[in-house]
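Q:
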Amino acid sequence: MIGLKRGLVKGARISALGVHVPERVLTNDDIAQFLDTSDEWITTRTGIRERRIARVDEAASDLAVAAAERCLAASDIEACDLDLVIVTTISPDHLMPATASIVADRLGARRAGAFDVQAGCTGFVYGLAIATAFVAASIYEHVLVLGAEVLSKMVDWEDRGTCVLFGDGAGAVLVQPTDNGSIFSFDLGNDGSGAQYLSVPAGGSRLPATYATVRDHDHAMHMVGSEVFKFATRTVTESCEKVLDDAGLTVEDVDLFVPHQANIRIIESAARRLGFTDGQVFSNLDRYGNTSCASIPLCLHEASENGRLKKGDMLLMAGFGAGLTWGSCLTKWEL
Ligand code: UT7
């Protein structure tokens, strides 16, 4: 990596992809049956029409294993060949052990190390950066990165400001070595002074579980939406400009821009500021809502299936979320 700019990594590629979403669809009209909201408000303010909801007995690891199995089936390796399993999530099965430990065991990834990455909804970009660094440094050859969320169990279904936004799903990518010169350009950022704008206040060492925390819904997601909105539009733009600049490219060189799917107004604002045309921007938010760490891989899969993302395309991904964190990644699509 000597000689490359900070954030530029050579010698790794995404070599396989798999996703899984729960079967149950919850529409805006369904939510309006039990909450003071409407399809009109949710669609206009967010772009979301429906989301997938996991079964009562389904946790993040269940969705992750299904996505990982599809990813491995599309690859040239078996689970036992994996060197590392990284699960990125804000809705882990448990505070401990790591969801990645459970996923690796169920896959049969017996010789793999496993850990979770918690970087809010930017987790997938952070996980991809870690995997890429391990592979490019020739430490490991086969690293599985997952984004897996069951956010339907992390929201307060009486809080219309948050529960309408989120959905469940999982995506997995395999990162392997390449000698064709493929470059990843990353920008990872954090501003912890905004931690209070998006959090699950209770259940950790700051505010352990008590009857009062359960009564006050402090184990569910709390969000100051307007602050996160302002932060997101600014950081996504700046971060994307940075990775493009580091790679010596411009917006015209990008074939597809896949931002984290949180709100269509954030996506459109960032795309407009960056100068993307509609044809360069991908979104499936209308059907899945905000699936946090799973949103980018879910988009990659759909874009690849329907021909919007083709081998050789220049792909720009951008995430943002709790922390507050942000991250962008520019790479050539090689599937
Ligand atoms: O992955 C990253 C995580 N999160 C995000 O990226 C979220 C970023 N923020 C947002 O997407 C937006 O701020 C929201 C969609 C959360 C909210 O949109 P907004 O345009 O900022 O609305 P607001 O919070 O300013 O609320 C406007 C009004 C309020 O009523 P009053 O006070 O004006 O009477 C809310 O109570 O809309 C009301 N409201 C709703 N009404 C119907 C809030 N949620 C709803 C709802 N249905 N679901």
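Those letters in the sequence shown? Residues 6 to 340, per this note's numbering, in order.
Glycine included, C-beta positions come from ideal geometry on N, C-alpha and C.
The structure presented is a predicted model; accordingly, all values stated were derived computationally and were not measured.
In terms of residues, what are the limits of the beta strand (DSSP E) holding E63?
A: Premise fails: E63 is in no beta strand (DSSP E) and is neither H nor E.
Q: Is it buried or exposed, D41, if we count other Cβ atoms within 10 angstroms and call 16 or more buried?
A: Residue environment analysis places D41 among the exposed positions, since fewer than 16 neighbouring C-beta atoms fall within 10 angstroms of its C-beta.
Q: Whose C-alpha, out of F234, H99, D88, is nearest the C-alpha of E154?
A: H99
Q: For the alpha helix (DSSP H) containing F281, list its first residue and its last residue.
A: Judged by DSSP secondary structure, F281 falls outside any alpha helix (DSSP H); it is assigned neither H nor E.
Q: What are the partner residues of K337, as DSSP defines its beta bridges?
A: M319
Q: Beta-carbon within less than 7 Å of K10's beta-carbon, same chain only, minus the 5 sequence neighbours each way: which residues are those?
A: D251
Q: Taking only runs that begin and end inside the stretch 81–167, name each unbroken alpha helix (DSSP H) of 4 or more residues, in chain order.
A: 104–112, 128–141
Q: In the DSSP assignment, find the unbroken beta strand (DSSP E) run with P27 in it and report its ends.
A: No beta strand (DSSP E) holds P27; DSSP gives it neither H nor E.
Q: Consult DSSP for I58 and reduce its assignment to one of helix, strand or coil.
A: strand
Q: Does DSSP put D260 in a helix, in a strand, or in coil?
A: coil
Q: Would you grab the beta carbon distance between R166 and G230 for me? Rounded to a whole angstrom, and I think it's under 8 Å.
A: For the record, residue 166 in the displayed sequence is Gly; it is not Arg. 6 Å between Cβ atoms; contact.
Q: Can you give me the Cβ contacts of T240 inside the same chain, cut-off strictly under 7 Å, excluding the 5 residues immediately before and after it?
A: When the five nearest sequence neighbours on each side are left out, the beta carbons in the same chain lying within less than 7 Å of the beta carbon of T240 are those of G194, F325, W331, in order along the chain.
Q: For H227, which option in L212, R220, Q201 has the closest C-alpha, if you only look at C-alpha atoms?
A: Q201
Q: Which residues does DSSP pair with N195 in a beta bridge?
A: T330
Q: Which of the three DSSP states is assigned to D44 in this structure?
A: helix
Q: Can you tell me which residues form a DSSP beta bridge with G176?
A: V24, G152
Q: Taking the C-alpha atoms as reference points, what is the distance between A103 and I269?
A: 32 Å
Q: I47: beta carbon under 8 Å from a heavy atom of the ligand UT7?
A: yes
Q: Closer than 8 Å: is that where the CB of S231 sits relative to any heavy atom of the ligand UT7?
A: Checking every heavy atom of the ligand UT7 against the Cβ of S231, one is found closer than 8 Å.
Q: Tell me whether I341 sits in a helix, a strand or coil according to DSSP, three-state version.
A: Any answer about residue 341 is impossible in this case: the structure gives the chain only from 6 up to 340.
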